[in-house]
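> Protein chains in written order, with the numbering used here: chain V, 1 to 378; chain S, 379 to 958. Even glycine gets a Cβ: it sits at the ideal position worked out from N, Cα and C. One structure, as structure tokens, below. Some questions next.
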Ligand SMILES: Nc1ncnc2c1ncn2[C@@H]1O[C@H](COP(=O)(O)OP(=O)(O)OP(=O)(O)O)[C@@H](O)[C@H]1O
Ligand SMILES: [Mg+2]
């Protein structure tokens, strides 16, 4: 288990104020969980990960791993990185070019206090090299590996020490698309088999959704939402998260009132009055932004049956893009352009009228402003 | 621009097909010049080593005697041992000091470490002969300040340090060239991806474990290559062995060559035979160094993303490293300059004391400025430096263009030929050029032209290095688009290639000007009355025992070079100069 509380890390710069790279970061990753820090470039993911590793010295906060405090500004504790027993895979892999594959993987065991004997080391190393599929290359120079093999060696080196926590900084970003997909599964398999608490850093939302048990979305040094991939995708807490993860339609509106029977809100929008869902209570008359995923904007040619619990509207097909397994439709409703992801069997030509259905549970009301500051405590 | 180019092109009727023909004469001249400069002296040197001395009207004859005398003599073995001991000692000292400074600068939070870089340039600017003379004034047994202070304090006759010894030679030479080691090792530290060290730390290795197993393991090719560079440089060193070794009979190859030429009758054949062995040593060193460098290339693994300079908090140790740096600064810049300044303000050379302080006078400055040959020498030095640097940079710009942009067969040979003078020690170069133009006649020997030829030849490799770096970064499409706009080859070379090479050209030019002014070991064999340069005048003043005048000239030279470097830095900033 890893728990991070109130973590602040800043970089001193020669001129100008210090860069606040991690601000009040707090989360808890239970044992065996694959936890991902996700966010755009420069949002402070690497900084947070390096602070956990001990490679960066935070200005305040507390970090606890399996009940052991490794950093605490209040208690004045700072365990140096080499005493933390956290495995780490660097973005550049950091494979030592002056050693063989075997020597790279054996290094963590060789520098230990209570050293194992040679045959025990060899046994452990070969086991982990086997797990990542590099056992046949053990005696090769580490520089003569392909990108994917280097990545696996970096992982083997982090695993061989049987770390308490595994830290991964964009380990797949240097691989080509095919290999990335394959390594994604490998990573997931190994993590599950070993039951390792894993902190994973990425800016690729697809990777995050595919791999994680839990995701923390970061922006400008802060965590703006924590949740399961499904929650993050279906119930984004604010406009930033909705926008960053996947594609979505934003529609501005005003709250009309609450419907107690269905626990839904009525919102007036340019495309008509809609029933929407919201996690936070909304006051009547408050401005909101609705987020509706394109796959939740259902299109039909025939008039839909009246249903009090479905939002109905209609528009005109403005453009469409055939993508093979799906077709993206741009539908013009009044002045609003809606993106819809439909099955290829729908062949309505451009210019024709089309009916729209939206499930109220998939129409998420968000605070009107991208209120990052208000969400900082999340 | 296309219009303009087209307009200038049409009247001459210069069609694209003829572009090759138009530039052929220029390329031919450049190739011929470089080949002649770099190869002819070596040919003559080898030829001379098989010849008897020409005495009076008796012509030189073929002989193997020079080699017999040079290599069969029992004096040669000690000579070789001295040379190797001196070079190994000086380069190890320079490397240890330089690597320590580089580590302090790149990896620790030592106070005022940012000054190390600025300071490291100073010894590279100060001519070697001045540095050696300053250290004689500091540490000679008779007049050295250290010894006098020691004798006065403890009231003894014993000497504390004797600079006239192998140890003294190693100390002075190693100290003077430690900045080169510092720059080489700094580059090595910077090329190292810090996450390689961090990964070791995450694996549980201690700080010393990381340094020993990863940092040093990664740095060793750079350490070995730097050592060889320093070793070759030390074995070529002339000033230190000549001033500190010869008076007490410690000879190395360079001083032996000088001795062979300056004895009567001078034995140039013997000097040439020694020179060939010296060449074999430096050539082997360079070959070995380039092998290590090419093998070590794969070690320089800079991760593109997430590169973070890693600075360790070394706690209380930083006062120790800071102290080390202060002592270093004193030894390499502070004390040598102060002792020169002090002695320049005296009437006769005397040790600092209250009595001597009363006698302070700037008279020596007036005296030395009044010497007619000082003005001539200053003029010659400036002229040679500026002309030499300009010629080298232009010649090598064209040469690099030929190597990297044409498909002319054998163009790689040109690179090898133009870089060959790198292995030729200055004294050997002086000797080879002297022999060449004495044999050829034509009146070049004894004029300023022979010095210019020597300077251009010696510094060709530096020009190649600076120009190659910028040429590689210059995308061929930039020139091709100029051609598509209708520019002729000459136009695109002048208006596209040269301006884009400018930062490299300026940086190389500045560097060559500085090393030209310091140059002594070639000039000492080639000057004649009227063509002295500043370093030769300093040498003569030393031989005449005019220490006070020498100091005054030295202080003025250092001041002038300092102003030049400052101006050059301002200039470089304007041109956006990068270090290669
Ligand atoms: N050594 C440093 N000195 C000063 N500022 C830094 C330093 N390293 C990072 N920063 C700044 O801190 C902020 C967070 O950087 P960080 O590397 O954590 O981002 P990241 O989320 O990992 O981004 P990426 O996805 O691009 O890797 C950025 O604004 C960056 O410019
Ligand atoms: Mg990062």
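(1) Give the residues from the stretch 150-163 of chain V that approach chain S closer than 9 Å (Cβ to any Cβ), ordered along the chain.
(2) If residue 77 of chain V sits next to residue 128 of chain V, beta carbons under 8 Å apart, how far is it from one beta carbon to the other, in whole angstroms?
(3) Quickly, what does DSSP pair residue 815 of chain S with across the bridge? List them, please.
(4) In angstroms, rounded to a whole number, what distance separates the CA positions of residue 776 of chain S and residue 408 of chain S?
(5) Leaving aside the five residues before and after residue 460 of chain S along the sequence, list all residues of the same chain whose C-beta is less than 8 Å from its C-beta, in chain order.
(6) Strictly below 9 Å CB to CB, what residues from chain S border residue 98 of chain V?
(7) Alpha helix (DSSP H) containing residue 152 of chain V: first to last residue?
(8) Could you check where the alpha helix (DSSP H) with residue 428 of chain S kicks off and where it finishes?
(9) Looking at the secondary structure, which residues open and close the beta strand (DSSP E) in which residue 385 of chain V lies?
(10) Going by DSSP, what residues sit across from residue 165 of chain V in a beta bridge?
(11) Following a CB-centred definition, is residue 47 of chain V positioned closer than 7 Å to any heavy atom of ligand 1?
(12) Ordered along the chain, which non-local residues of its own chain (more than five positions away) have a Cβ less than 8 Å from that of residue 735 of chain S?
(13) Determine, using beta carbons only, whether residue 731 of chain S comes closer than 8 Å to chain C.
(14) When burial is assigned at 16 or more other CB atoms within 10 Å of the CB, is residue 626 of chain S buried or exposed?
(15) Which runs of the alpha helix (DSSP H) fall wholly inside the stretch 452-516 of chain S and span at least 4 residues, in chain order?
(16) Jot down the residue ranges of each uninterrupted alpha helix (DSSP H) in the stretch 577-605 of chain S, minimum 4 residues, whole runs only, in chain order.
(17) Just verifying my parser: in three-state terms, what is the DSSP assignment at residue 118 of chain V?
(18) At a CB distance below 7 Å, what residues from the stretch 51-73 of chain V approach chain S? Give them in sequence order.
(19) At 7 Å on the CB atoms, spell out the chain V contacts of residue 582 of chain S, in chain order.
(20) Output, in chain order, the set of chain V residues within a Cβ distance shorter than 8 Å of residue 484 of chain S.
(21) Using the Cα positions of residue 383 of chain S and residue 871 of chain S, report the straight-line distance between them to the nearest angstrom.
(22) In the DSSP assignment, the beta strand (DSSP E) including residue 68 of chain V goes from what residue to what residue?
(23) Can you tell which of S:476, S:425 and S:582 has its C-alpha closest to the C-alpha of residue 113 of chain V?
(24) Return the CA-CA distance between residue 497 of chain S and residue 707 of chain S, expressed in angstroms with no decimal places.
(25) Quick check on residue 677 of chain S: does DSSP put it in helix, strand or coil?
(26) Taking the straight line between their C-alpha atoms, what separation do you get for residue 49 of chain V and residue 216 of chain V?
(27) Whether or not the stretch 230-246 of chain V and the stretch 274-293 of chain V are in contact is what I'm after, with contact meaning three or more pairs of Cβ atoms, one per stretch, closer than 8 Å; do they touch?
(28) Around the C-beta of residue 705 of chain S, are 16 or more other C-beta atoms found within 10 angstroms, so that it is buried, or is it exposed?
(29) Does any C-beta atom of chain V lie closer than 8 Å to the C-beta of residue 578 of chain S?
(30) Thinking just about the alpha-carbon of each residue, which of S:754, S:841, S:753 and S:896 is nearest to the one in residue 770 of chain S?
(31) Where does residue 739 of chain S sit, in a helix, a strand or coil, going by DSSP?
(32) What is the DSSP secondary structure of residue 449 of chain S, counted as helix, strand or coil?
(33) Which residues in the same chain as residue 729 of chain S place their Cβ atom closer than 8 Å to its Cβ, once the five residues preceding and following it in sequence are excluded?
(34) Hey, quick one: how far does the beta strand (DSSP E) through residue 356 of chain V stretch, first residue to last?
(35) Between the Cα of residue 121 of chain V and the Cα atoms of V:334, V:106, V:131 and V:135, which residue gives the shortest distance?
(36) With a floor of 3 residues, list each beta strand (DSSP E) that falls wholly inside the stretch 172-225 of chain V, ordered by position along the chain.
If we stick to the structure as given:
(1) 154, 157, 158, 160, 161 and 163
(2) Contact doesn't hold; Cβ gap of about 31 Å is too wide.
(3) DSSP lists no beta-bridge partner residue for residue 815 of chain S.
(4) 7 Å
(5) 544, 623, 628, 629 and 630
(6) 592, 595, 596, 598, 599 and 677
(7) Membership of residue 152 of chain V in the alpha helix (DSSP H) is indicated by the continuous run 147-160.
(8) Residue 428 of chain S -> no alpha helix (DSSP H), and no H or E assigned at all.
(9) This structure does not reach residue 385 of chain V, given that chain V is present from 1 up to 378, and the question cannot be answered.
(10) V:86 and V:197
(11) yes
(12) none
(13) As a matter of chain content, chain C is missing from the structure shown, whose protein chains are V and S.
(14) exposed
(15) 454-485 and 492-503
(16) none
(17) helix
(18) 53 and 55
(19) 82, 85, 108, 111, 112 and 161
(20) The premise fails here: residue 484 of chain S is roughly 16 Å from chain V at the closest Cβ pair, so nothing lies under 8 Å.
(21) Model confidence at residue 383 of chain S stands at a pLDDT of 39, short of 50, so the residue's coordinates are unreliable; what they give is reported in the following sentence. In a straight line, the C-alpha of residue 383 of chain S is about 13 Å away from that of residue 871 of chain S.
(22) Segment 68-72, the beta strand (DSSP E) holding residue 68 of chain V.
(23) S:582
(24) 7 Å
(25) For residue 677 of chain S, the predicted structure reports a pLDDT of 49, less than 50, and the residue's modelled location is therefore unreliable. A value from the coordinates is still provided. The answer is helix: DSSP assigns residue 677 of chain S an H, G or I state.
(26) 12 Å
(27) yes
(28) exposed
(29) yes
(30) S:841
(31) coil
(32) helix
(33) 521, 523 and 526
(34) 353-358
(35) Taking residue 121 of chain V as reference, the option from V:334, V:106, V:131 and V:135 with the minimal CA-CA separation is V:106.
(36) Listed in chain order, the complete beta strand (DSSP E) runs (minimum 3 residues) inside the stretch 172-225 of chain V are 197-202 and 214-219.
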